[in-house]
Amino acid sequence: NWDENAWTRDLLFDSFLGVRTTQTNVWLDQIPTLREEYLAETGIIHVVQRVDDLRVDSYFYCPWELERPALVIVGKLTNEGDSGIQASLYTLHNYHLGDTTQEEPINPDFNDERIQFQTEAGAYLESGPGGALLHRPIGTADHHGCTPDNPWHALNNGIDLADTSDSGSGDDRVAGFQKDFSLAPGESGWFGAVSAFERFGDTETLAADVEQAYAVGTAAVDMAV
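Add 126 to a position in the sequence shown, counting from 1, and you land on the number used in this note's numbering.
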């Protein structure tokens, strides 16, 4: 909150990673954690989980690289088995950019949202009455998807994201990205995304800020944590 009388809005409904292997399709909020901590006494949240022979490290933090509200999610898959693994790492970005009310000033609704793919940046621009968000991969995504091809359902069904270009206007729009890996024993792969917020509709500045901070692509993943 800004002070004892003014609270900031809570736009984030849920955002997390998911993993697909030849044996398992799972969003990581559905399985136990092996470790939860702040990384090396920083503000970076670090969570360790396991999917089949994969160790999954997830990192969540608000980046200093952007002078605006933003959240970075980065995942690391490590093959701890004795044979190669084909795996995919998915991201899910579910924010609420609707209106607030006097009765509910903190949590916006999810009405009248729209998500559109920005081909040049490989990012999704989400807009609504409450502002705009740019969801941009850190690294190169192999697939992207949004409502009506909900990424949550796609991973649960063990299929690739549908490369949807436009959700159309409507309620409760959701976006996500997918990165595919072929990991030898002991090998790791990184992938993540940043979601950055713009309150006043200046989406050109929003896109420029995010591009300046994260255009280095896969190198940003290694530097992120």
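Note that beta-carbon positions come from the ideal geometry of N, C-alpha and C, so glycine has one too. Please read all numbers here as calculations on a predicted model, not as lab measurements.
Local conformation of residue i per DSSP, three classes
i: T331; result: helix
i: T344; result: Only weak support is given to the placement of T344: the predicted model assigns it a pLDDT of 44, under 50, and the value that follows is read from those uncertain coordinates. It is helical.
i: P263; result: strand
i: A310; result: coil
i: Q156; result: helix
i: W278; result: helix
i: E337; result: helix
i: A196; result: strand
i: E324; result: strand
i: A116; result: Residue 116 falls outside the range modelled here, since the chain spans only 127 to 351, and no answer is possible.
i: N151; result: strand
i: D208; result: coil
Integer Cβ distance of residue i from residue j, believed to fall under 8 Å
i: N151; j: D179; result: With 8 Å as the limit, N151 and D179 do not qualify as a contact, their Cβ atoms being about 16 Å apart.
i: D306; j: D268; result: 5 Å
i: L165; j: V174; result: That pair is no contact at about 11 Å.
i: Q212; j: S308; result: 6 Å
i: D208; j: G256; result: With a Cβ gap of about 50 Å, D208 and G256 do not count as contacting.
Proximal residues to residue i (C-beta, below 8 Å), its chain only, five neighbours per side dropped
i: S141; result: L197, I199, T217, L218, H219, N220, Y221, S321
i: R194; result: A322, F323, E324, L332, D335
Cβ-based neighbour list, residue i, same chain, cut-off 7 Å, excluding 5 preceding and 5 following
i: D136; result: I232, N233
i: A247; result: R262, A333, E337
i: G144; result: V152, W153, L154, Y216, L218, L281
i: N127; result: W133, T134
i: G284; result: R146, N151
Same chain, Cβ closer than 6 Å to residue i, neighbours up to 5 away in sequence not counted
i: A339; result: E191, L192
i: L259; result: Y221, E252, S321, F323
i: P189; result: A196, V198
i: E239; result: L223, G254, R299
i: F303; result: T217, P263, A267, H270, A319
i: A301; result: H219, I241, Y250, H261, C272
i: E313; result: N205
i: R176; result: none
i: E163; result: H172
i: T147; result: D178, A213
i: S291; result: F243
Sheet register partners of residue i (DSSP bridge)
i: V182; result: Q175, L203
i: A249; result: Q244
i: D140; result: N220
i: R161; result: V174
i: C272; result: A301
i: F317; result: G201
i: E239; result: G296
i: G257; result: G254
i: L215; result: V145, K305
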